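Residue numbers (the UniProt record's numbering): 1 to 162.
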């Protein structure tokens, strides 16, 4: 399919909308719903994706078995790579596919997300918070978050250390 091939070529499948500007690229990166659904399926099972709730038959989901209670850069990169593989139509999910280098794609996502996290930018934190709210709602505690004054104090402490 030409549309899928085009989305693979320019990685538009990673975005919630077509990025037109550099700001769109930053704001929409990894915001496609398919990335969230992939992580929901892997961490909480396919029933959550299909029905919106976990299967009554499931005793423990992978997130519990693996001790996951927050999203990581590696999780986001993995989910994006899985979506890339599925859309590619490759027969096997290996480091180097016939037409696609999945390892390079994964490592590039890690590099980009790490770079963004080191800048301590607002977008990165919003992305992580979004995935944490959606994937681990039981561990997300909005009442425990810092108010503006506390965030300013924390920032001042961080700035003083540097």
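Yeah, the Cβ is synthetic: ideal placement off N, Cα and C, and Gly gets one too.
None of the values given here were measured: they were computed from a predicted structure.
{"query": "Local Cβ density within 10 Å of residue 32, reported as buried at 16 or more and exposed below that", "result": "buried"}
{"query": "Length of the line joining the Cα atoms of residue 109 and residue 69", "result": "21 angstroms"}
{"query": "Cβ-Cβ distance between residue 135 and residue 30 below 8 angstroms", "result": "no"}
{"query": "Residue 94, buried or exposed, once every other Cβ within 10 Å from all chains shown has been counted against 16", "result": "exposed"}
{"query": "Host alpha helix (DSSP H) of residue 93 (start-end)", "result": "Per DSSP, residue 93 belongs to no alpha helix (DSSP H) and is neither H nor E."}
{"query": "Through-space distance from residue 127 to residue 81, alpha-carbon basis", "result": "17 angstroms"}
{"query": "Alpha helix (DSSP H) runs wholly inside the region 16-57, at least 4 long, in chain order", "result": "22-28, 33-44 and 46-51"}
{"query": "Where residue 65 falls, given that 16 or more other Cβ within 10 Å makes a residue buried", "result": "exposed"}
{"query": "With 16 other Cβ atoms within 10 Å as the buried cut-off, status of residue 35", "result": "buried"}
{"query": "Candidates 120, 43, 88 and 72, of which the one nearest residue 11 by Cα", "result": "88"}
{"query": "Spatial neighbours of residue 117 in its chain, beta-carbon cut-off 6 angstroms, leaving aside the 5 residues before and after", "result": "124"}
{"query": "Contact belief for residue 113 with residue 77 at Cβ below 8 angstroms, rounded distance in angstroms", "result": "6 angstroms"}
{"query": "Three-way DSSP call (helix, strand, coil) for residue 99 in this model", "result": "coil"}
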